[in-house]
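Numbering (this note's numbering), first residue to last: 31 to 268.
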């Protein structure tokens, strides 16, 4: 419990700062400095910290990066993480490009049921422009494979940027009528040398208006304890 009396049960762990994509809103196109390998926390250190955190009430862990699956021996680490009995929920945020059917099945066998995919567009050419990688088909295949193998819920994280993908928010939201997806729209926050401007921010109210104009009214869902600052809505028919 923090000083404000709020119960803390969630730990977010970045296992690497490296990524095989170059998202326009994350990094510049030019070479940039990453953390040296010898300065990145070893798996043993992360496991020890996690066990100590669990002793203090943590029950939920999210693995992020960079891209978690670029780190060597990540599956072995996840298996050890799953062995911590007091952890009730482990989820992973990934761009999906390195997930094969075999890896997804291995995650399922370990007990992982939740994947969050970073996907900012449904247009392959636009995907390449945003990520600087031609991997849309590979990512979509991973999402469909996770769905087929029984991962649930599958969440898709979309950073909305004016003039780049803000015209797709309704298309992405509409996926929830065809698939059991949770689509999470994230406001773009200018940072570092991303070369994107604050004027390209699309705030939540505008995102909601765009969706409702195309797809009809959204029903706001009750706020849950672990939702943080997010607001949850559901489309009719989803």
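All C-beta atoms, glycine included, are put in the ideal place defined by N, C-alpha and C.
If one requires a minimum length of 4 residues, the alpha helix (DSSP H) runs lying completely within the segment 106-166 are 131-140 and 154-161, in chain order. Within the same chain, Cβ atoms closer than 8 Å to the Cβ of residue 234 are found at 215, 217 and 261, the five residues on either side in sequence being excluded. Residue 38 is classed as exposed because its beta carbon has fewer than 16 other beta carbons within 10 Å across all chains shown. If you draw a 10 Å sphere on the C-beta of residue 82, you find fewer than 16 other C-beta atoms in it, and that means exposed. Less than 8 Å separates the beta-carbon of residue 162 from that of residue 51. The Cβ atoms of residue 203 and residue 213 sit closer than 8 Å to each other. When the five nearest sequence neighbours on each side are left out, the beta carbons in the same chain lying within less than 6 Å of the beta carbon of residue 205 are those of 211, in order along the chain.
Between residue 129 and residue 80, the beta carbon gap of about 23 Å keeps them out of contact (Cβ cut-off 8 Å). Rounded to the nearest angstrom, the gap between the Cα atoms of residue 100 and residue 106 is 13 Å. Excluding five sequence positions before and after residue 146, the CB atoms of its chain that fall closer than 6 Å to its own CB belong to 123, 185 and 187, given in chain order.
Residue burial is scored here from C-beta neighbours: residue 252 has fewer than 16 other C-beta atoms within 10 angstroms and is therefore classed as exposed. Remark: C-beta atoms of residue 95 and residue 48 approach each other more closely than 8 Å. Contact annotation: residue 46 and residue 98 have beta-carbon atoms nearer than 8 Å. About 5 Å separates the CB atoms of residue 240 and residue 199; that is less than 8 Å, so the two are in contact.
For residue 40, DSSP records a beta bridge to 90. Minimum Cα-Cα distance from residue 229 among the listed residues 244, 196, 258 and 118 corresponds to 196. DSSP, reduced to helix, strand and coil, places residue 213 within a strand of the structure shown.
Annotated as distal: residue 164 and residue 148, with beta-carbon spacing of 8 Å or more. Between the C-alpha atoms of residue 243 and residue 268 there is a straight-line separation of about 16 Å. Secondary structure note for residue 186: its beta strand (DSSP E) is the uninterrupted segment 184-190. Just so you know, the alpha carbons of residue 134 and residue 179 end up roughly 8 Å apart. In this structure, residue 183 places its C-beta atom within 8 Å of the C-beta atom of residue 144. Per DSSP, the continuous alpha helix (DSSP H) segment holding residue 239 begins and ends at 234-245. Residue pairing by DSSP places residue 231 opposite 191 in a beta bridge. Among the bridge pairs identified by DSSP, residue 263 is matched with 250.
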